[in-house]
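Trainee: To start, I am sharing the structure in question, which I have written as structure tokens.
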Amino acid sequence: MNANFRNLALWAIIGLLVVALVMLFQQPGQRTPIRDISFSELLTQIDQGRVHDVTIAGNEVVGHFNDNRPFTTYIPNDANLIPRLQQHNVSISAKPLSDGSSWLMTLLLNALPLVAFLGVWIFLSRQMQGGAGRAMGFGKSKAKLLTEMAGKVTFEDVAGVDEAKE
């Protein structure tokens with residue numbers, strides 16, 4: 000099998016694994032399309048009884064309508080929102096404010112450039128095989144040193160050979 004094809008296949012597999020890891024650790028709420036609505040539309044939907052549940056995290060509200068469609072919006076500091084939700088029997092939950100990314104995603108995003116750099120470094124060093132052109136092989140030569148004995152031809156070496164008489 001061609002060495003370039005093997006390298007290309009290896010990098011394609013690594014790329015697919017990275018994409019699979021990102022998809023695996025993505026939060027389930029990020030996989031479904033969430034509709035962004037305005038705060039006034041949220042109030043209208045609450046008054047019409049179309050909101051099933053909400054989760055409040057800081058100023059962000061994520062919830063579901065009665066038909067299980069997700070929505071999200073940002074709310075101002077409104078003291079009347081919680082009583083309005085309770086009045087219309089909306090399930091309310093609260094979460095602490097977070098940045099929305101897991102520690103594993105942060106680790107992957109920080110390590111990915113380093114891994115890519117090391118991969119390019121290894122790829123280039125494999126491409127530069129042989130001679131002094133090899134990466135980090137400064138001054139290394141494959142030339143053989145000749146000694147006096149190695150280059151000297153004596154009579155015993157050629158005795159009896161017809162071509163040597165000419």
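When the letters of the sequence shown are read in order and numbered with numbering that gives the first Met the number 0, they come out as residues 0 to 165. Beta carbons are placed, not taken as given, at the ideal position from N, Cα and C, and that holds for glycine.
1) With H, G and I counted as helix, E and B as strand and the rest as coil, what does DSSP make of Thr-72?
2) Can you grab the Cα-Cα spacing for the pair Phe-64 / Ile-13, in whole Å?
3) Taking Ala-19 as part of the alpha helix (DSSP H), name the residues at either end of that continuous run.
4) Please say whether His-87 and Gly-62 have beta carbons closer to each other than 8 Å?
5) Quick check: what's the CA-CA separation for Val-89 versus Asp-52?
6) Label Val-152 either buried or exposed according to how many other C-beta atoms from any shown protein chain fall within 10 Å of its C-beta, with 16 as the threshold for buried.
7) Figure out for me which residue from Met-104, Val-21 and Leu-42 has the closest Cα to the Cα of Ile-81.
8) What does the Cβ neighbour count give for Gln-72, buried or exposed, with the cut at 16 atoms within 10 Å?
9) With the cut-off set at 8 Å, would you say Leu-103 and Phe-38 are in Cβ contact?
10) Taking only heavy atoms of the ligand SAM into account, decide whether any of them is closer than 7 Å to the Cβ of Phe-4.
11) What are the residues that DSSP puts in a beta bridge with Asp-52?
12) When DSSP labels each residue in this structure, what does Asp-77 get in the three-state scheme?
13) How many angstroms separate the CA atom of Phe-116 from the CA atom of Ile-91?
14) From Val-157 to Lys-143, what distance separates their C-alpha atoms?
15) Could you spell out the range, first to last residue, of the alpha helix (DSSP H) harbouring Val-119?
Mentor: Short version:
1) strand
2) 40 Å
3) 2 to 24
4) no
5) 5 Å
6) exposed
7) Leu-42
8) Before going further, note that residue 72 is Thr rather than Gln in the sequence given. Counting Cβ neighbours within 10 Å, Thr-72 comes out buried, since at least 16 surround it.
9) no
10) Inclusion of the ligand SAM in the displayed structure is not the case, the ligand content being empty and no account of it being possible.
11) His-63 and Ser-90
12) coil
13) 47 Å
14) 24 Å
15) 102 to 126
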